[in-house]
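Shown next, in structure tokens, is the structure this report addresses.
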Amino acid sequence: MNKKKGILRNAAEGYFAAFALANIGQIAAVDIISLVLFLMCFQLFLFAEGKETESALSADGKKLVKGYSSRNRRVASVILGILFAFFYLAAEHGSLTGALENRLFQMIYLLMTGAGLFFLFYRGCRLLLLYLERRSLRISSIPVSTDSPEPALSLQTKLFLFLLLIACWLPWFLYDFPGVMTPDSLSQYSQAMGLTGYSNHHPFVHRLLMQLVTSLGNAVFHDVYAGIACYTVLQMISMALIVTYGLQVLFRRGAGKKLCFCFLLFYALVPYNGIFAVTMWKDILFSGLFLLFVLSVYQLLPLCCEGRRFGERPGLLVLFGISGVLVCLMRSNGLYAFVFSMPFLVFAFRRHWKIIFPLQVLVLAVVFLVKGPGMEAFDVAQPAFSESLSTPAQQIARVVYEGRELSGEQKELLGKTVEYSAIADYYQPELSDPVKALIQYGHPEYLEAHKGEYLRLWVQLGLKYPLDYWNAFVDQTKGYWFPDAPGLLTNEGISPNELGLSWQPVLRGQAVTKIVEILSKLYTIFPLYGLLYSIGAFTWAAVFLFANCLLNGKKENWILYLPFFAILLTLCAATPVASDVRYAYSLILSMPLLIHAGLEIAGPLPGANAKKADRKENSRKKSPFQKISVPKK
Numbered sequence: 009m010n011k012k013k014g015i016l017r018n019a020a021e022g023y024f025a026a027f028a029l030a031n032i033g034q035i036a037a038v039d040i041i042s043l044v045l046f047l048m049c050f051q052l053f054l055f056a057e058g059k060e061t062e063s064a065l066s067a068d069g070k071k072l073v074k075g076y077s078s079r080n081r082r083v084a085s086v087i088l089g090i091l092f093a094f095f096y097l098a099a100e101h102g103s104l105t106g107a108l109e110n111r112l113f114q115m116i117y118l119l120m121t122g123a124g125l126f127f128l129f130y131r132g133c134r135l136l137l138l139y140l141e142r143r144s145l146r147i148s149s150i151p152v153s154t155d156s157p158e159p160a161l162s163l164q165t166k167l168f169l170f171l172l173l174i175a176c177w178l179p180w181f182l183y184d185f186p187g188v189m190t191p192d193s194l195s196q197y198s199q200a201m202g203l204t205g206y207s208n209h210h211p212f213v214h215r216l217l218m219q220l221v222t223s224l225g226n227a228v229f230h231d232v233y234a235g236i237a238c239y240t241v242l243q244m245i246s247m248a249l250i251v252t253y254g255l256q257v258l259f260r261r262g263a264g265k266k267l268c269f270c271f272l273l274f275y276a277l278v279p280y281n282g283i284f285a286v287t288m289w290k291d292i293l294f295s296g297l298f299l300l301f302v303l304s305v306y307q308l309l310p311l312c313c314e315g316r317r318f319g320e321r322p323g324l325l326v327l328f329g330i331s332g333v334l335v336c337l338m339r340s341n342g343l344y345a346f347v348f349s350m351p352f353l354v355f356a357f358r359r360h361w362k363i364i365f366p367l368q369v370l371v372l373a374v375v376f377l378v379k380g381p382g383m384e385a386f387d388v389a390q391p392a393f394s395e396s397l398s399t400p401a402q403q404i405a406r407v408v409y410e411g412r413e414l415s416g417e418q419k420e421l422l423g424k425t426v427e428y429s430a431i432a433d434y435y436q437p438e439l440s441d442p443v444k445a446l447i448q449y450g451h452p453e454y455l456e457a458h459k460g461e462y463l464r465l466w467v468q469l470g471l472k473y474p475l476d477y478w479n480a481f482v483d484q485t486k487g488y489w490f491p492d493a494p495g496l497l498t499n500e501g502i503s504p505n506e507l508g509l510s511w512q513p514v515l516r517g518q519a520v521t522k523i524v525e526i527l528s529k530l531y532t533i534f535p536l537y538g539l540l541y542s543i544g545a546f547t548w549a550a551v552f553l554f555a556n557c558l559l560n561g562k563k564e565n566w567i568l569y570l571p572f573f574a575i576l577l578t579l580c581a582a583t584p585v586a587s588d589v590r591y592a593y594s595l596i597l598s599m600p601l602l603i604h605a606g607l608e609i610a611g612p613l614p615g616a617n618a619k620k621a622d623r624k625e626n627s628r629k630k631s632p633f634q635k636i637s638v639p640k641k
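Below you can see the structure in the form of structure tokens.
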């Protein structure tokens, strides 16, 4: 009887899953493919349930794993299933109502689609978590020699990795020579050359670096393009060194040669990594520094968990401090991510809170010293207040764009800052820059002087038109939490400008252009490869790996994911573009670390006993209270 109920339940779940897939794929209800989808989903769910039953009982009828493992896996799968189904419906609900016009029928259609998506994600996550649990049990049962030396890359291997990355990125440098410069890059370059006043709209520290390197290059080579190329080469070298260091850390923590080789292929061959390495954006160095910051945390974790002193690795504390300062200065949301992570880091390192907390305070002190007195000394203008209003400005503009009714007082208040009749024309669902520009070219000083009135207006319209606010938020941010094609990806050469700079490619010709065109379109052709270009796919992967870390891996690694979640939250709060890869490049660049941290198995690391013995031997040698044997008379 139970078996029949299980079959009926799986058949019902399979029907809803097939319904969702047919709806998403716009497959007609009379199409025979709908039957194929149902049979495939039904068999998949039967297989998944069979694996669950098999995992609960061993061959002799005894439980293979503790009961709470199965319960926790089920709960985690339910949460992940609801979360992923909600993300999908939120992003695509407009195209998932079929051809129905009645609101009630549309809602029923969406609910059935949502149920099918939940069953698909729930069963898929549960099956994958089960596989990873078995992997953990299998690996943990293999004896690990803690007396063997810790795995490490030789100097020759690290040099080879570094040169390989440079060699793979070099064609992009020669093609985009002297480097990729977009309007943002050109704005910073004009400040670096003293053509415009200093502004912290783009990080002042990054502008200082550009000024130092390009000026040095101009002085040595007496050529403006050589100066720009010097900065590009410095960025390439820096990113290659950071990636090499990251691979070294992962290998030392047991990632294995095959996995590290896959990570190397990702960094070296996926085109946007090479293009970003030669693009003059603050986001690129910020992403590398963010990876260094999280790597320092990752390497400090074993010291804390094993009760060892941070003094054994003072270099990691220095790396934590310097990378933390630069992360906060290189991008505004870097500071927010650091502050957000502070209490969690203190909790994770509570055994050493007397070291980690003062170090965090020192980082903030340096940052505020630079952002305050330091920038005031250089007369650096701060970003306009409207730059932080991406989400509220878009939501109010969406209400106007939809033609909703506003009172005369509300229209008058908006008209004191912007031209009310132009709001609907300037509004773009996936880009907030036009609306912010409308504010800047209007009367932003009135907005800054009457923030409270505009806050009340924002709240009033939100309470009256919540669906418009929700749709505006989704359209503006969905690229960061829903797997979809990127809105903005990469650029080529130097954008048109008034500075007299132009693209100077070294690699040129029709063949080169065709190869670049093919490489830039591959992700739109091959399905799984295309996920490497989806920010939302990386977000979903991070969420799943975080869950697996808590269930089947080294639970202390959970802290590594929070800084990236903080970055994503800040993007959802104030991103100017719905899906720009560079804004989430810190997550993409660090994904190999997050993959290994999420799959890492709890247990002693190779070489743990050897290190312990070395520490005892060193302490014995250094102790002034050693026992002295006196010969007997």
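Here the sequence shown is numbered in our numbering, starting from 9 and rising by one per residue. A virtual CB, placed ideally from N, CA and C, is assigned to each residue, including glycine. In this text, all values refer to a predicted model and were calculated from it rather than measured experimentally.
- Exposure of Lys-12 is indicated by the presence of fewer than 16 other C-beta atoms within 10 angstroms of its C-beta.
- Per DSSP, reduced to three states, the secondary structure at Gln-34 is coil, with no helix or strand assignment.
- DSSP, read as helix, strand or coil, puts Asp-588 in strand.
- One thing to note: Phe-55 has its Cβ no nearer than 8 angstroms to the Cβ of Ala-19.
- Beta-bridge annotation (DSSP): Thr-287 is paired with Val-188.
- Counting only unbroken stretches of 3 or more residues, no beta strand (DSSP E) element lies wholly within the segment 504 to 579.
- Counting the other Cβ atoms within 10 Å of the Cβ of Cys-268 gives 16 or more, which makes it buried.
- At a cut-off of 4 residues, not a single continuous stretch assigned as alpha helix (DSSP H) sits fully inside the segment 144 to 181.
- When Asp-184, Ile-283, Gln-448, Lys-419 are compared, the shortest CA-CA separation from Gln-468 is found for Lys-419.
- If you look at Asp-476, you'll find it in the alpha helix (DSSP H) that goes 474 to 485.
- Annotation for Leu-601: the continuous alpha helix (DSSP H) segment containing it runs 599 to 607.
- Between Cys-557 and Gly-487, the CB-CB gap reaches or exceeds 8 angstroms.
- The C-beta distance from Pro-191 to Ser-594 rounds to 22 angstroms, too long to meet the 8 angstroms contact threshold.
- Taking C-alpha positions only, Leu-540 is separated from Arg-590 by approximately 13 angstroms.
- Inter-segment contact for the segment 337 to 353 and the segment 372 to 391 is present: three or more beta-carbon pairs are separated by less than 8 angstroms.
- For the alpha helix (DSSP H) assignment, the uninterrupted runs of no fewer than 4 residues enclosed by the segment 337 to 370 are, from N- to C-terminal side, 340 to 356.
- Between Ser-528 and Pro-279, the alpha-carbon positions lie close to 7 angstroms from each other.
- Taking C-beta separations shorter than 6 angstroms and ignoring five residues to either side along the sequence, the partners of Leu-308 in its chain run Leu-324, following chain order.
- A straight-line Cα-Cα distance of about 7 angstroms links Pro-186 and Trp-511.
- The shortest CA-to-CA distance from Phe-294 to any of Asp-483, Val-257, Ala-99, Ile-596 is the one to Ile-596.
- Here DSSP, grouped into helix, strand and coil, assigns Ser-207 to strand.
- Counting every other CB atom within 10 Å of its CB across the protein chains shown gives Phe-328 a total of 16 or more, marking it as buried.
- Here the C-alpha atom of Ala-99 lies approximately 46 angstroms from the C-alpha atom of Gly-315.
- Cβ contact annotation for Leu-570 (same chain, cutoff 6 angstroms, sequence separation greater than five): Ser-349, Phe-352, in chain order.
- Contact check between the segment 171 to 185 and the segment 239 to 255: three or more CB pairs, one atom from each, fall below 8 angstroms, which counts as touching.
- If you draw a 10 Å sphere on the C-beta of Met-338, you find 16 or more other C-beta atoms in it, and that means buried.
- Check the Cα spacing between Ile-609 and each of Arg-261, Trp-548, Leu-507: the tightest is with Arg-261.
- Non-local beta-carbon contacts of His-209 in its own chain, meaning distances under 6 angstroms to residues more than five positions away in sequence, involve Pro-391 in chain order.
- Annotation for Glu-320: no alpha helix (DSSP H) segment contains it, and DSSP assigns it neither H nor E.
- In the three-state DSSP reduction, Ile-330 falls in the helix class (H, G or I).
- In the three-state reduction of the DSSP assignment, Ile-40 falls in the coil class, being assigned neither a helical nor a strand state.
- Here Ile-147 has Ile-609 as same chain residues with Cβ atoms under 6 angstroms from its own Cβ, once five neighbours each way along the sequence are excluded.
- If you draw a straight line from the Cα of Phe-126 to the Cα of Asn-226, it comes to about 59 angstroms.
- Between Gln-256 and Leu-163, the gap from beta carbon to beta carbon reaches 8 angstroms or more.
- Between Leu-88 and Ala-25, the gap from beta carbon to beta carbon reaches 8 angstroms or more.
- Bounds of the alpha helix (DSSP H) holding Met-218 are 212 to 229.
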